[in-house]
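Novice: Top to bottom, those sequences are chains Z and X. Quick note on my numbering: the first sequence kicks off at 1 and runs consecutively. Quick note on my numbering: the second sequence kicks off at 10001 and runs consecutively.
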Amino acid sequence: MRPEIVAHTVFRLRGGDETASSKLLRILHDELRQLAASWFRTPHGTPTLQPTALVNEAMVRLMSAQAVTWQDRAHFMAVAATAMRQVLIDHARKRKAQKRGGPAARRLTLHAGLKAIGTDFIDVLALDEILKRLAALSERQARIVEMRVFAGLTIEETAEVLDVGVTTVKSDWLIAKTWLKRELAGK
Amino acid sequence: MSSSQHGRAGEVFLKARGLTGGERKAYLDQACATDSSLRAEVASLLAAESQDTISFLREGPLVGPQAASMDGRHLEGQRIGQYTLHRVIGSGGMGTVFEATQERPRRRVALKTMRSGLLNPSILKRFEYESQVLAMLRHPGIAQVYEAGIHESPSGKVPYFVMEFIEEGGPIHEYARAKVLDIRERLALFVSVCDAVEHAHRNGVIHRDLKPDNVLVDKQGQPKVIDFGIARLVQPDGRTPTLHTTLGEVVGTIPYLSPEQAAGQSKQIDTRTDVYTLGVILYELLTDRFPYAVDGGLADVLRHILNVGPTSPRVYARLGHEVETIVLKCLQEDRDRRYQSAGELARDIERYLKGEAIEAKRDSQWYVLRKIARRHRALLGVAAAFVLLVTASAIALTFLYTEQRRERQRAERQAYIANIAAADHAIANNDAGEALKRLHQAPQHLRQWEWHYLFGHADLSRFTLPAPQRATHVAFSPNGANLAISYWSGAVRVWNFSSGRFTWERNEFADPIMALGYVADARILAATGKAWGIFDAATGEEIARGEAPECSDPMPFNADGSRFACGKSEDRAARYALQGSIAVKDTRTSQLIQEFPNLDNRRYVPTAAFSPGGRWLATGDIGGTLRIWDVESGRPLITTQQNHGRPYGMTFSPNGQQLATGHEEGTVALWDTASGECVRFWPGHSQRVWEISFSPDGSLLATASQDKSARIWRAGDGSPARVLRGHAAAVTDTEFNSQGDTVATVSLDGSVKLWDIKTTSQAKPLLMTDAVRSVAFDATGECLAATSGSLTVICEPATGREIQEWCGETIGGRAWLGASFSSDGSKLFVGNQDGSVRILEAATLTELGRLPAHRDEVWAVATSRDGRYLASASCDGRIVLWDAQRADPLHMLPGHKGEIRRVAFSPDSSTLASASADGTAKLWDVATGECSLTYAEHASAVHSVAYSPDGNRVASASDDGTFRIWNSATGETVRTVDGKMQDVWSIAYSPDGRRLVTGARDRTVRIWDAETGDELLTLRGPTGTVEHVAWSPDGGRIAAGTWNHEVFIWDAARNLAEQAAVGGGHR
């Protein structure tokens, strides 16, 4: 995929063009799937995967770095979060169907650079299910979690993409993550 | 659990997590009183938060503790030392004031906690010393400081003051207004304020932060100055505290700054600083105004204080010369010319009151002249020159006639430039009134692109209704097809959008109409303070009318018009009566449905609103108390005291769950109608908010303000969505249509304006993928091509929307360079890095062919106006001239010793101009291919050349930071302009030849007078070096491409077209 086409898709995305969003989602889905597949193929020490690292790699590959403003990056990453989530779920489902390994095979570290205190791994399918429930209660909170967790967007980037204030994102994030924490603890 | 329950639980959770122990419990008890499932949900969230188990969720924002400690409400009920805190009675940037009880002696006190901020041992020591000094100040006019101390709280040290509690204290000017004091009474009251300040001065304490809010008048009518010397305690380095606080307070305090404070000269602050501020308070007390214009930004106000000087108070109030002299003496910029003490000021006022001669002298004529001269040195120079001219004209009349005319033209031109600059500045500050005033001052024959550009941007409204009279209110019909407008004269009119005319008009009332709306069955209800009428919305036929004899205030009515609310004053003559109540009556019968008692003994302001269903009535009073009443029972459901000043506009959200209020100080607040709590609060405007309204879906809020703007906010988080700039005076009403896509506003400038709030967004630049190398209009100006790296784009200049994009096969990042349309617009020629020129079909951007022109990058391409020639130029130093039709090379033009940056054909297509890095520009004969002229005046590389439309001049822009205008026949330099732009990358003439536009490395696009070289306007936007600029052939638009990937289009086309249509503009 030509970087300038991706850059232009992102530009149109920022202008609120819905077709651009689905176009970019398709591009990203393919790219991330390839990246993830090659990652899963290589024998790593731990069965953990850092989605944010993958998403960043996808960005470097798809967009010529000098052309990217932080807003572009935010919009790109927001779509990448959705794509990443989908790729991870697809992968986990496949694993499950092939019965290769138990739940451990489906576990991932979700946030780069954060050393765990308790739960180091999260079951992707369980998280997906909980996020769907959160989306029913608050679409925006679920979207914030998706962007922050699957693509590592900052608060400011999240606010830019959702076109709401930073304060709103902050308080929504606080509520959503506490809510998730409780739900995950219940698992 | 539903999403609304989830939302509510989230809100409660956010609040509760900022509280601890008993407070949290108390809050939860109150917030979840009847809802046990809510309570359980919040409790489990709080519990989940305290376990730190899941790593990825740990990283997050911090909300809560800091916010809570700022407003200090969490301290209510707590003890500090021997004081029990009861309730917050005020809060601000410096801290929070509580009503508190002291144990021994048992008395009511005011306790002020200070923001701990930057506490260090030396500041604490100073705090202790100074608080002892303050405790020694004893005067009936000074609120006694009893004690100061430092409270050790779990969250850190909190310094606090304990002061005398002022019973029912209100700011001095509100007291004077409420008691309807006359000028002499006001002066007498003010003398005792001066005496109090004098007492403090004698004890070595300067107030530094005097303002009406710090001069309260108690129940007995005794003024009490509060917060003496506290400014210094908080900011021991003497800076003015309020400059560093939040916006709301800045607005409240800045007008009271002395020039030495405004200039930041803290060393010059002495007792005379307080004298100055007393002067401002006296000015306001006598006139209800500030001595300066206090609208505009902070910088403007400071500038007014420092440079403009006070307006005579006699402009606003009936005052004698002597009072004026006293006030102005306080307000002298030079401290030595003020009263030297507050006592001197008090004695002079007393002399006036006794009828004796005052000591203050009016400024002598000579002094005034000198002062004016200092402030307007430049202007005086012109005046002096003119005087000289007149004298000399007697000697050499003929010579001077031309000289004088030239002088006059020069002055006129300078004035034009000043007006353009001022209008540009005003637009940046959203002051459409000032901008339009300045633009209208510009003589018609001088108005060019920059004028039309600014004129089109001063007013962003979609449409302005004809304004036969001053309007008071507007209301959209439910189907959005009509707009009802009411007037000060008592008239009501209905405007139809499809016909663009008023469909009917009624002149039934003698008073201004204060309430207007569509009510049941498409009727219009209009009400003055005394009467009301219901009209058929379609025909204007009167259906019913009635009187409201006891009403003293305007009347809001409920959705179906069956009831109205009005203020009811015991004594209608007394405008400032403290007594009064509010009543809800039946519209048809005038029968009293319910009367709401005056609980606080304060006058209700004409601010009230029915809830959408009509069950509730919200009211606000001058003290700032908001109440929501149950209309049927007459009981207050919610009572909230807020500190944002008197509420002016209020409205319920469409679902009735929120109440929005706009306040005296420009602030906007959202209240939960169930709990009465403030959900959201933001600074909003710099001045009073007159009216506020919700969009039909409740997602947006529109506010109308004294600051001449209306603004749109997102109700969800209070973030700004749009500024509606365009009115020349205060905006007093605003209303959404039922589709929520249009807002109508009413202004004291007399006009009613309509705004598209969905479509008129800020123009964003078109973003490319790399530095933009070239921008080119086609001959019609309807297409703009831009090249950048591996991308070529065609967009529509009117909308900025991209039509076509093309990459071709490119190598590396910097492939597409110069571009030019064929004269008929069917083809686009684009230079490539590989040395070829590609021929593209303009409509589809498909490649038709290529010209293997050069050995190296083709930086510039140009086409002649007659369509016969094409020129390409390369960094190999060569220019090739082509037959554009047959794509045959005609001439090779060697001669430049460096890269060639740009080429341009003369308007008659006979000559080609080239700009080269070798520091020269050359002119070439197209027919022979000979170089006819070499211009070598520039000090370094020439980046760009442009022919004037008459072909007599060439403008060249250079690396040396200048552009030069020279004679195309002789090569003689006509003008050299050094605009301090570093490299000037690009230059273009306007199609009429009167203007030039430049793009430069300093990231500016500037407009110049092509004849005089005067700089006229810098266009806003670019964030990178501007490599290329182009002026559209129709003269309406300017395009520019930057190294930061942006393509900008600045548009004056619409306004130019309108002007041409009415024949008003000079083209």
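Where a beta carbon is used, it is the ideal one built from N, C-alpha and C, also for glycine.
(1) Grouping DSSP H, G and I as helix and E and B as strand, with all else coil, what is D10029 of chain X?
(2) Suppose you measure from the CA of R9950 of chain X to the CA of S10788 of chain X; what does that come to, to the nearest Å?
(3) Determine the closest residue to I10638 of chain X out of X:R10646, X:L10617, X:V11026, with distance taken between C-alpha atoms.
(4) Are A10559 of chain X and P10612 of chain X closer than 8 Å when you measure CB to CB?
(5) Do you know offhand how far C10795 of chain X's Cα is from P10683 of chain X's?
(6) If you compare alpha carbons, which of X:H10440, X:T10780, X:T11004, X:T10472 is closest to P10991 of chain X?
(7) How should H10943 of chain X be labelled, buried or exposed, when 16 other C-beta atoms within 10 angstroms of its C-beta is the threshold for buried?
(8) If you pair each beta-carbon of the segment 10442-10450 of chain X with each one of the segment 10723-10741 of chain X, do three or more pairs fall below 8 Å?
(9) Below 7 Å between beta carbons is the criterion; list the residues of the segment 158-177 of chain Z that meet it against any residue of chain X, in chain order.
(10) Mark F10463 of chain X as exposed unless 16 or more other C-beta atoms lie within 10 angstroms of its C-beta, in which case mark it buried.
(11) Going by beta-carbon coordinates alone, are T10271 of chain X and H10199 of chain X separated by less than 8 Å?
(12) Alpha carbon to alpha carbon, what distance is there between S10822 of chain X and G11111 of chain X?
(13) Does DSSP put W10504 of chain X in a helix, a strand or coil?
(14) Can you say whether G10077 of chain X is buried or exposed, counting buried as having 16 or more other CB atoms within 10 angstroms of its CB?
(15) On the criterion of 16 or more Cβ atoms from any shown chain inside 10 Å, does D10336 of chain X qualify as buried, or is it exposed?
(16) Let me know if E10434 of chain X comes out buried or exposed under the rule of 16 or more other beta-carbons within 10 Å of its beta-carbon.
(17) Can you find a C-beta in chain Z that's less than 8 Å from the C-beta of L10014 of chain X?
(18) Tell me whether Y10339 of chain X sits in a helix, a strand or coil according to DSSP, three-state version.
(19) Step through the CB atoms of chain Z and report whether any lies within less than 8 Å of the CB of S10906 of chain X.
(20) In whole angstroms, what separates the C-alpha of V10775 of chain X from that of E156 of chain Z?
(21) If contacts are defined as beta-carbon pairs under 8 Å, then S10790 of chain X and A10815 of chain X qualify, I think. What distance do you get, rounded to the angstrom?
(22) What are the partner residues of K10585 of chain X, as DSSP defines its beta bridges?
(23) Name the chain X residues that come within less than 7 Å of R182 of chain Z, Cβ to Cβ?
(24) Can you have a look at Q10833 of chain X and say buried or exposed, based on whether 16 or more other CB atoms are within 10 angstroms of its CB?
(25) Using the C-alpha atoms, what's the distance from V11005 of chain X back to R10408 of chain X?
(26) Within its chain, find whatever has a CB closer than 7 Å to the CB of D172 of chain Z; leave out the 5 residues flanking it on each side and keep chain order.
(27) Which residues mark the beginning and the end of the alpha helix (DSSP H) in which F10455 of chain X is found?
(28) Alpha carbon to alpha carbon, how far is A10941 of chain X from S10872 of chain X? Give it in angstroms, no decimals.
(29) Checking contacts by CB at 8 Å: is S21 of chain Z closer than that to chain X?
(30) Strictly under 8 Å for the Cβ-Cβ distance: is R107 of chain Z near chain X by that measure?
(31) With 8 Å as the threshold, decide whether the Cβ of D10741 of chain X is near any Cβ in chain Z.
(32) Just reading off the beta strand (DSSP E) that A10776 of chain X is part of, what are its end residues?
(33) Can you give me the C-alpha to C-alpha distance between S10131 of chain X and E10185 of chain X, rounded to a whole angstrom?
(34) Contact between the segment 10024-10040 of chain X and the segment 160-172 of chain Z: three or more CB pairs below 8 Å?
(35) Determine the chain X residues that contact W179 of chain Z at a beta-carbon separation under 7 Å, and present them in chain order.
(36) Look at the alpha carbon of L10345 of chain X and the alpha carbon of D10334 of chain X, and state the distance between them as a whole number of angstroms.
Specialist: In short, the structure shows the following:
(1) For this step, residue 10029 of chain X is matched to residue 29 along the second sequence. Note: D10029 of chain X maps to helix in three-state DSSP.
(2) The displayed coordinates of chain X run from 10001 to 11067. Any statement about residue 9950 of chain X would go beyond what the structure contains.
(3) Residue 10638 of chain X sits at position 638 when you count from the first residue of the second sequence. That would be X:L10617, whose Cα lies nearest to the Cα of I10638 of chain X.
(4) Taking the first residue of the second sequence as position 1, residue 10559 of chain X is located at position 559. Taking the first residue of the second sequence as position 1, residue 10612 of chain X is located at position 612. Cβ distance < 8 Å, so A10559 of chain X and P10612 of chain X count as in contact.
(5) Within the second sequence, the letter at position 795 stands for residue 10795 of chain X. Within the second sequence, the letter at position 683 stands for residue 10683 of chain X. For C10795 of chain X and P10683 of chain X, the distance between alpha carbons rounds to 40 Å.
(6) Position 991 of the second sequence, counted from the start, is the residue given in the question as residue 10991 of chain X. The residue with the shortest Cα to Cα distance from P10991 of chain X is X:T10780.
(7) Residue mapping note: residue 10943 of chain X aligns to position 943 of the second sequence, counting from 1. Buried, since its Cβ has 16 or more Cβ neighbours within 10 Å.
(8) no
(9) V164, G165, T167, T168, K170, S171, W173, L174, I175, K177
(10) Along the second sequence, one-based indexing puts residue 10463 of chain X at 463. Label assigned to F10463 of chain X: exposed.
(11) For the purposes of this step, residue 10271 of chain X is identified with residue 271 of the second sequence, where counting begins at 1. For the purposes of this step, residue 10199 of chain X is identified with residue 199 of the second sequence, where counting begins at 1. Not in contact: T10271 of chain X and H10199 of chain X (Cβ atoms no closer than 8 Å).
(12) Because chain X here runs from 10001 to 11067, residue 11111 of chain X falls outside it and cannot be looked at.
(13) Numbered from its first residue, the second sequence carries residue 10504 of chain X at position 504. Looking at W10504 of chain X - three-state DSSP - the assignment turns out to be strand.
(14) Numbered from 1 along the second sequence, position 77 holds the residue referred to as residue 10077 of chain X. Classification for G10077 of chain X: exposed.
(15) What you label residue 10336 of chain X is simply residue 336 of the second sequence in a count that begins at 1. D10336 of chain X comes out exposed.
(16) Here residue 10434 of chain X refers to the residue found at position 434 when the second sequence is read from its first residue. By the 10 Å Cβ count, E10434 of chain X comes out buried.
(17) On the second sequence, residue 10014 of chain X is found 14 positions in, with the first residue counted as 1. Yes - at least one Cβ of chain Z is within 8 Å of the one on L10014 of chain X.
(18) Counted from its first residue, the second sequence places residue 10339 of chain X at position 339. Here Y10339 of chain X sits in coil by DSSP.
(19) In the second sequence, the residue the question calls residue 10906 of chain X occupies position 906. Not closer than 8 Å to any Cβ of chain Z, the Cβ of S10906 of chain X fails to qualify, so no.
(20) Looking up residue 10775 of chain X in the second sequence gives position 775. Looking up residue 156 of chain Z in the first sequence gives position 156. When rounded, the distance between both Cα atoms is 33 Å.
(21) Numbered from 1 along the second sequence, position 790 holds the residue referred to as residue 10790 of chain X. Numbered from 1 along the second sequence, position 815 holds the residue referred to as residue 10815 of chain X. Sure, about 5 Å apart at Cβ, within 8 Å.
(22) As a first step, residue 10585 of chain X must be located in the second sequence, where it is residue number 585. K10585 of chain X is bridged to X:F10564, X:L10592.
(23) As a first step, residue 182 of chain Z must be located in the first sequence, where it is residue number 182. The contacting residues are S10044, L10045, A10048.
(24) Start at 1 with the first residue of the second sequence, and residue 10833 of chain X comes out as number 833. Classification of Q10833 of chain X: buried, given that the 10 Å Cβ count is 16 or more.
(25) On the second sequence, position 408 is the one that residue 10408 of chain X refers to. On the second sequence, position 1005 is the one that residue 11005 of chain X refers to. Using only the alpha carbons, I get a separation of about 29 Å.
(26) For this step, residue 172 of chain Z is matched to residue 172 along the first sequence. For D172 of chain Z, where only same-chain residues beyond five positions count, the Cβ hits under 7 Å are R140, Q141, I144.
(27) Position 455 of the second sequence, counting from 1, holds the residue named residue 10455 of chain X. Looking at the DSSP string, the run of the alpha helix (DSSP H) that includes F10455 of chain X is 10449-10458.
(28) Taking the first residue of the second sequence as position 1, residue 10872 of chain X is located at position 872. Taking the first residue of the second sequence as position 1, residue 10941 of chain X is located at position 941. Rounded to whole angstroms, S10872 of chain X to A10941 of chain X spans 19 Å at the Cα level.
(29) If you number the first sequence from 1, residue 21 of chain Z lands on position 21. No, S21 of chain Z does not count as interfacial toward chain X.
(30) In the first sequence, the residue the question calls residue 107 of chain Z occupies position 107. With a pLDDT of 47 at R107 of chain Z, under the threshold of 50, the modelled position of that residue is not reliable, and no figure is offered here.
(31) Within the second sequence, the letter at position 741 stands for residue 10741 of chain X. Not an interface residue.
(32) Reading the second sequence from its first residue, position 776 is the one you call residue 10776 of chain X. Looking at the DSSP string, the run of the beta strand (DSSP E) that includes A10776 of chain X is 10772-10777.
(33) Translated into positions along the second sequence, residue 10131 of chain X becomes position 131. Translated into positions along the second sequence, residue 10185 of chain X becomes position 185. Those two C-alpha atoms are separated by around 34 Å.
(34) no
(35) Along the first sequence, read from residue 1 onward, the residue named residue 179 of chain Z stands at position 179. Result: L10045.
(36) The sequence position of residue 10345 of chain X within the second sequence is 345, counting from 1. The sequence position of residue 10334 of chain X within the second sequence is 334, counting from 1. Between L10345 of chain X and D10334 of chain X, the C-alpha separation is close to 16 Å.
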